[in-house]
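Each residue of the sequence shown is one higher than the one before, counting from 164 in our numbering.
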Amino acid sequence: MIGVKFSDPQKSPEFNEAVGEFVSNVIYGEGGHFSSFCSLAVLDGGDLIAGVLYHHFSRRDGVMEMSAASIDKRWLTRPVLKAMFTVPFELFGCQLAVLRVSEHNAPMLRIAKAYGFKEYVIPRLRGRSEAEHILTLADDDWRANRFDRGRS
164 MIGVKFSDPQ KSPEFNEAVG EFVSNVIYGE GGHFSSFCSL AVLDGGDLIA GVLYHHFSRR
224 DGVMEMSAAS IDKRWLTRPV LKAMFTVPFE LFGCQLAVLR VSEHNAPMLR IAKAYGFKEY
284 VIPRLRGRSE AEHILTLADD DWRANRFDRG RS
């Protein structure tokens, strides 16, 4: 059974850090790439199969960056999507969520576009030979998307 667990650095620092290291290792092949974040763990039974980090939060602008990684294709269910975006839009009151995705991550790019993200491609943002896609989702677009009708 796939479920989610939200954690923050004050209430459960060890678990939050473990999710951060998981995401960093999956994305970059090594830990330590993130600091000052809260997290959403996606668990299958008790096993961590995916994580979402919420970082670079600008309270003034209502913007939060998200980084996500998984080791199991089954992680991105409708309940996980609902929980994933409840954090920036309802818990933190953001008006815009931002994802940065490698040009080589076709599945995530496809999902983000279907979910309503707007896409901006920045050549060489991941190095000389790799573009990065900056994906943005406004709170209004999130509330209107077809994936989570009936949200309270």
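Heads up, the beta-carbon is just placed ideally off N, CA and C, and yes, glycines get one too.
Here the structure is a predicted model, which means the values were calculated and not measured.
Quick check on the DSSP output: the beta strand (DSSP E) that includes residue i runs from which residue to which?
i    : result
K168 : 165-170
K245 : Careful: K245 lies outside any beta strand (DSSP E), inside the alpha helix (DSSP H) at 241-249.
F185 : Not the beta strand (DSSP E): F185 falls in the alpha helix (DSSP H), residues 176-191.
I212 : 210-221
Name the one or two DSSP bridge partners that residue i has.
i    : result
F297 : Per the sequence shown, the amino acid found at residue 297 is Ile instead of Phe. R263, Y283, per the DSSP bridge assignment.
E228 : H218, V261
S233 : A213
What did DSSP end up calling residue i once you bin it into helix, strand or coil?
i    : result
L203 : strand
Y288 : Looking at the sequence itself, residue 288 is Leu, so the reference to Tyr does not match. If DSSP states are grouped into helix, strand and coil, L288 belongs with coil.
F255 : coil
F310 : helix
Along the chain, where does the alpha helix (DSSP H) containing residue i start, and where does it finish?
i    : result
I274 : 269-278
R306 : 302-307
Worksheet item: Below 8 Å, can you find three or more Cβ-Cβ pairs linking the segment 165-172 to the segment 233-244?
Response: yes
Worksheet item: Given 8 Å as the limit, is there contact between the segment 201-220 and the segment 262-276, that is, 3 or more CB pairs closer than that?
Response: no
Worksheet item: Are the segment 281-301 and the segment 195-202 touching by the rule of at least three beta carbon pairs closer than 8 Å?
Response: Two segments are said to touch when three or more pairs of C-beta atoms, one from each, lie closer than 8 Å; by this definition the segment 281-301 does not touch the segment 195-202.
Discussion item. For the pair the segment 232-239 and the segment 181-189, tell me if three or more CB-CB distances fall below 8 Å.
Written reply: yes
Discussion item. Quick check: the segment 297-308 against the segment 247-262, are at least 3 beta-carbon pairs closer than 8 Å?
Written reply: yes
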